[in-house]
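Residue numbering for the sequence shown follows the numbering used here, beginning at 5 and increasing consecutively. Heads up, the beta-carbon is just placed ideally off N, CA and C, and yes, glycines get one too. Since the structure is predicted, the reported quantities are computational estimates derived from the model, not experimental observations. Following: one structure in structure tokens, then a few remarks.
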Amino acid sequence: GARIALRRNLIKQFFTHERIQTTKAKAAAIRGDAERLITIARNSANGTDADKVNARRQVASKLGDDRMTKRIFDEIAPRFATRNGGYTRVLKLGPRFGDAAEMVLLELVEE
Numbered sequence: 005g006a007r008i009a010l011r012r013n014l015i016k017q018f019f020t021h022e023r024i025q026t027t028k029a030k031a032a033a034i035r036g037d038a039e040r041l042i043t044i045a046r047n048s049a050n051g052t053d054a055d056k057v058n059a060r061r062q063v064a065s066k067l068g069d070d071r072m073t074k075r076i077f078d079e080i081a082p083r084f085a086t087r088n089g090g091y092t093r094v095l096k097l098g099p100r101f102g103d104a105a106e107m108v109l110l111e112l113v114e115e
């Protein structure tokens, strides 16, 4: 439960700020989920009304937050309408001072 909550909160923060600084392991854990959510939102734009509702429900079930779902569908996914994947970028920042954990910057790609 704690691991699921951590991933959900990281994904929410990622979509809120469009970039987060975290450890390499946490970034690797949420990167695939974040890209999958954007793809679901992007592909639903061309679907029927039932497909759109289903896509919103899928994304909401992963995030547990209607505001983030609305933001993904209305603001983030339309930016990547012509892109076939690779919505995120990982930049290495070096080790953290306290415990030497490898830190990265996970951000949305700008077009």
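For residue i versus residue j, is the C-beta distance shorter than 9 Å?
{"i": "LEU14", "j": "LYS30", "result": "yes"}
{"i": "PHE84", "j": "VAL63", "result": "no"}
{"i": "GLY27", "j": "VAL108", "result": "Per the sequence shown, the amino acid found at residue 27 is Thr instead of Gly. For THR27 and VAL108, yes; Cβs fall inside 9 Å."}
{"i": "ILE80", "j": "LEU110", "result": "no"}
{"i": "ARG12", "j": "LEU97", "result": "no"}
{"i": "THR92", "j": "ARG35", "result": "yes"}
{"i": "THR20", "j": "GLY89", "result": "no"}
{"i": "ALA59", "j": "ALA38", "result": "no"}
{"i": "ARG17", "j": "ILE8", "result": "Correcting the residue identity first, residue 17 is Gln in this sequence and not Arg. No, the Cβ-Cβ distance between GLN17 and ILE8 is not below 9 Å."}
In three-state DSSP terms, what is residue i?
{"i": "GLU111", "result": "strand"}
{"i": "GLY102", "result": "coil"}
{"i": "ARG40", "result": "helix"}
{"i": "ARG87", "result": "coil"}
To which residues does DSSP link residue i through a beta bridge?
{"i": "ARG93", "result": "GLU111"}
What are the start and end residues of each continuous beta strand (DSSP E) run of 3 or more residues lying completely inside the segment 8 to 33, in chain order?
23 to 27
In chain order, which alpha helix (DSSP H) runs of at least 4 residues are fully inside the segment 43 to 81?
53 to 67, 70 to 75
Per the contact definition of three or more C-beta pairs closer than 8 Å, is the segment 45 to 61 in contact with the segment 98 to 106?
no
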